[in-house]
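Below is one structure, written out as structure tokens, with a few remarks after it.
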Amino acid sequence: MNSKNAGKLLGLVLFCAQPVLSDVYKPEALTSGRADTSMHLQQGSNQTEAQKINEVIYKATGFGNTFMVVTDEGNVIVDTSLPTMAPLHKKLLTAVSDGPIHSIIITHGHGDHTGGVALWRQPDTKVIAQENAVEFLRYQKRLKRLFMLRNSAQFGFDQVEDLPSTSSQNSGADMVPNTLFDQQLNFTLGKQQFEILHTPAETHDALTLWMPQYKAAFVGDLFYRSFPNIYTLRGTKPRWALDYIASINRVLALEPELLLPSHGEPIVGNKNIRTAMLRYRDAIQYVHDQTVLGMNQGRDVYSLMREITLPPALDIGEAYGWVSWSVRGIYEGYMGWFDGEPVNMYAQSPQSIYKDLVKLSGGAGKVIDLAQQTLAAGDSVKALLLIEAALDAEPENQAVLAMRLEILTALRQASGNLNESGWLNHGIKQTKQILGD
Ligand SMILES: [Zn+2]
Numbered sequence: 000m001n002s003k004n005a006g007k008l009l010g011l012v013l014f015c016a017q018p019v020l021s022d023v024y025k026p027e028a029l030t031s032g033r034a035d036t037s038m039h040l041q042q043g044s045n046q047t048e049a050q051k052i053n054e055v056i057y058k059a060t061g062f063g064n065t066f067m068v069v070t071d072e073g074n075v076i077v078d079t080s081l082p083t084m085a086p087l088h089k090k091l092l093t094a095v096s097d098g099p100i101h102s103i104i105i106t107h108g109h110g111d112h113t114g115g116v117a118l119w120r121q122p123d124t125k126v127i128a129q130e131n132a133v134e135f136l137r138y139q140k141r142l143k144r145l146f147m148l149r150n151s152a153q154f155g156f157d158q159v160e161d162l163p164s165t166s167s168q169n170s171g172a173d174m175v176p177n178t179l180f181d182q183q184l185n186f187t188l189g190k191q192q193f194e195i196l197h198t199p200a201e202t203h204d205a206l207t208l209w210m211p212q213y214k215a216a217f218v219g220d221l222f223y224r225s226f227p228n229i230y231t232l233r234g235t236k237p238r239w240a241l242d243y244i245a246s247i248n249r250v251l252a253l254e255p256e257l258l259l260p261s262h263g264e265p266i267v268g269n270k271n272i273r274t275a276m277l278r279y280r281d282a283i284q285y286v287h288d289q290t291v292l293g294m295n296q297g298r299d300v301y302s303l304m305r306e307i308t309l310p311p312a313l314d315i316g317e318a319y320g321w322v323s324w325s326v327r328g329i330y331e332g333y334m335g336w337f338d339g340e341p342v343n344m345y346a347q348s349p350q351s352i353y354k355d356l357v358k359l360s361g362g363a364g365k366v367i368d369l370a371q372q373t374l375a376a377g378d379s380v381k382a383l384l385l386i387e388a389a390l391d392a393e394p395e396n397q398a399v400l401a402m403r404l405e406i407l408t409a410l411r412q413a414s415g416n417l418n419e420s421g422w423l424n425h426g427i428k429q430t431k432q433i434l435g436d
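Quick note on numbering: numbering that gives the first Met the number 0 labels position 121 of the sequence shown as 120, and the sequence is numbered without any gaps.
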């Protein structure tokens, strides 16, 4: 898959999440600068057969996994991966069983779960989603153009050529699901029992499929092997930390023996599942509670972003989500954008006085000197802020651009977070383009 094709195809969808599991995506690989952030989208492209989980459940691995439950009266598909990966998943799973597709269960309306619905769907197939999926799909369509631009930057593929128009469409999205439920939907098929539960977390339409006979929970994106994206940089509506907690508790109360996330590998055994999920849940609860405490103490969002870190016992890693982004997501999710400072009521940004300040300081050269000292003292982010001010005053100043490139590259080399790396790569690429490299 070349990056141009990837851009075209992947631009059609929205991404939600990605755990860091394979060798390529380990934080160490990211830090060394060897991993291309677009590579994680191709995860699973070399597999030659579906993975057998038990006598009826099979999995095809991808950026998003596709599961198939085989029954005597037709098969049930759980999630359908990205449009680019879905044909391979269909081929591998159909090789296991080519029975009719009774149902497709979409654990939530992100594009790495809905990408293959059209491919799998047959005339009589039920496409099952939680009822909040209707508004969620409309929201994604309403902002499709911006999401395409943000996704191409964050995930490192070329910007798509055929962006949709900039008009504010409020038309409904194409309704992928045809079977909606509110709290729970149960059915039996070929002696297999299916219980679908509303478990909102990353999105308000998130669901869990529970198969009581196997004590198997298909949890979608309710669990990752990293702190989650309670806010994602590509942009999202607020994600409610307390929804994650309640939904994890709901799944744990079922006492699952098999946990099947849509990203990453299954976890087997209730003890292992409890250990992993409780730590994950408690890390989210800790970040939520510390944020709320700080808010009530009148602390500003930036201070809390810097100060709230996971204690060692709850340190589940930040290779995908990042605690500081989640702190801000929770803070602004609860309070919105106004921080209580009168100056911030108005339609003038702090950046609007950069030019004046740079001029007063004696020009961009002086600012570069200070940025160099700041970088040498180890504060890359403050150095970058200084350079952004200089760049605002002199957008084509080669020395300023070169300094920006140096700082972004230093940050990129130090990054062990997939999404941070993606945006730093984007900034590096932009700066190089202006510099004519
Ligand atoms: Zn996902």
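Glycine included, C-beta positions come from ideal geometry on N, C-alpha and C.
*Does the Cβ of G189 lie closer than 8 Å to at least one heavy atom of ligand 1?*
no
*Per DSSP, F217 is paired with what?*
L208 and L259
_Rounded Cβ spacing between I266 and V175 (contact assumed at less than 8 Å)_ = Wrong, their Cβ atoms sit about 29 Å apart, outside the cutoff.
*What residues are listed by DSSP as bridge partners for L179?*
A128
_Looking at ligand 1, does it come within less than 8 Å of S447, judged from the CB to the closest heavy atom?_
Nothing can be reported for residue 447, as the shown portion of the chain is limited to 0 through 436.
*Other residues of its chain near A205: CB distance less than 6 Å, five sequence neighbours each side excluded*: H107, T198, P199 and G219
*asked:* Is it the case that the stretch 320-330 contacts the stretch 229-249, given that we only count it when at least three CB pairs across the two stretches are under 8 Å?
replied: yes
_Pairwise C-alpha distance: R403 and G364_ = 13 Å
_For a test of the three-state rule: what should DSSP assign to E387, helix, strand or coil?_
helix
*Does any heavy atom of ligand 1 sit closer than 8 Å to the C-beta of H287?*
no
*Please say whether V291 and I229 have beta carbons closer to each other than 9 Å?*
no
*Can you tell me whether DSSP reads N396 as helix, strand or coil?*
coil
*Can you check whether the CB of D71 is closer than 9 Å to the CB of H112?*
no
*Under 9 Å between the Cβ atoms of G43 and A85?*
no
*asked:* Suppose contacts are defined by Cβ-Cβ distances below 9 Å. Is L417 in contact with A318 by that definition?
replied: yes
*For L188 versus L196, is the C-beta spacing smaller than 9 Å?*
no
*Beta carbon of G339: closer than 8 Å to some heavy atom of ligand 1?*
no
*If you drop the 5 nearest sequence neighbours on each side, which residues of the same chain put their C-beta closer than 7 Å to that of Q17?*
Per-residue confidence for Q17 stands at a pLDDT of 33, beneath the threshold of 50, marking its modelled position as unreliable; no derived number is given.
*asked:* I'd like to confirm something about H109: is its beta-carbon nearer than 8 Å to some heavy atom of ligand 1, or not?
replied: yes
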